[in-house]
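Worksheet: the structure to be examined is printed underneath.
Now the structure itself:
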């Protein structure tokens, strides 16, 4: 996808600036933006989460600036064992923090250039105490689906993936300390690149 292009969904729209590897995710409902921001803040910077530069407005729309980490997985990639193990462990990690993602799917896992995987899109995430779906919770159904398909025992599945994509990110993290310097530059440069497309 070229720089300045937009993908639009029912709840959000995504603007891409490829040269600087930036994404602006805009929200039609401010509560969705606040929920996603709160979930990322609660989890903290992790290697398996996208780099977040901050909350901003662009052309009157509220949103979050992310680093463009890569492309969403294809269906074929999604069905590979390494991806399923990754998804299983990330859901387990989130549940250990009492967070339910509720939207783990190929479009919400991206692969970086180095091959590592990133889980994105927390706008539908909820605190576990707010999930009243019981066994029909999408996260639990996904974990059961994975268990049925990976060619390892349940105990091995639990142990695999430990140390792979886990832990605190030691790269840019959430951009702490750099955001104050970079964000105004990134924001105005990004706006100039996409606003003609965005407004008209």
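Residue numbers (UniProt numbering): 1 to 200.
No residue lacks a Cβ here, since even glycine has one placed at the ideal position from N, Cα and C.
Please read all numbers here as calculations on a predicted model, not as lab measurements.
Taking 8 Å as the cut-off, the beta carbon of residue 83 is found closer than this to the beta carbon of residue 117. Counting C-beta atoms within 10 angstroms of its own C-beta, residue 145 has fewer than 16 neighbours from the protein chains shown and is therefore classed as exposed. Contact between residue 68 and residue 21 is confirmed by a C-beta separation of about 4 Å, below the 8 Å threshold. Counting only runs of 3+ residues, the beta strand (DSSP E) found wholly inside the region 44 to 78 occupies 52 to 58 and 61 to 67, in chain order.
In this structure residue 23 is not in contact with residue 73, their Cβ atoms being roughly 17 Å apart against a cut-off of 8 Å. Take the alpha-carbon of residue 89 and the one of residue 78: they are about 15 Å apart. Within its own chain, the residues whose Cβ lies closer than 6 Å to the Cβ of residue 138, once the five positions on either side in sequence are excluded, are 102, listed in chain order.
Shown here, residue 109 sits in a strand according to DSSP, grouped into three states. Under the criterion of beta carbons closer than 8 Å, residue 95 and residue 41 do not qualify as touching, at roughly 18 Å.
Judged by beta-carbon spacing, residue 63 lies within the 8 Å limit of residue 27, meaning their Cβ atoms are closer than that value. Per DSSP, the unbroken alpha helix (DSSP H) holding residue 85 starts and ends at 81 to 96. Listed as beta-bridge partners of residue 144 by DSSP are no residues whatsoever. In the three-state reduction of the DSSP assignment, residue 27 falls in the strand class.
Assignment of residue 114 by DSSP, reduced to helix, strand and coil, places it in the coil class.
When 15, 38 and 120 are compared, the shortest CA-CA separation from residue 106 is found for 120.
Spanning the alpha carbons of residue 85 and residue 17 requires a straight line of approximately 31 Å.
Setting aside the 5 residues that flank it on each side, residue 142 is surrounded in the same chain by 104, each with a C-beta closer than 6 Å to its C-beta; the list follows chain order. Taking C-beta atoms under 8 Å as the contact rule, residue 52 and residue 66 qualify, at a distance of about 6 Å. Take residue 126, set aside five residues on each side of it, and the residues of its chain with a beta-carbon closer than 6 Å to its own are 100, in chain order.
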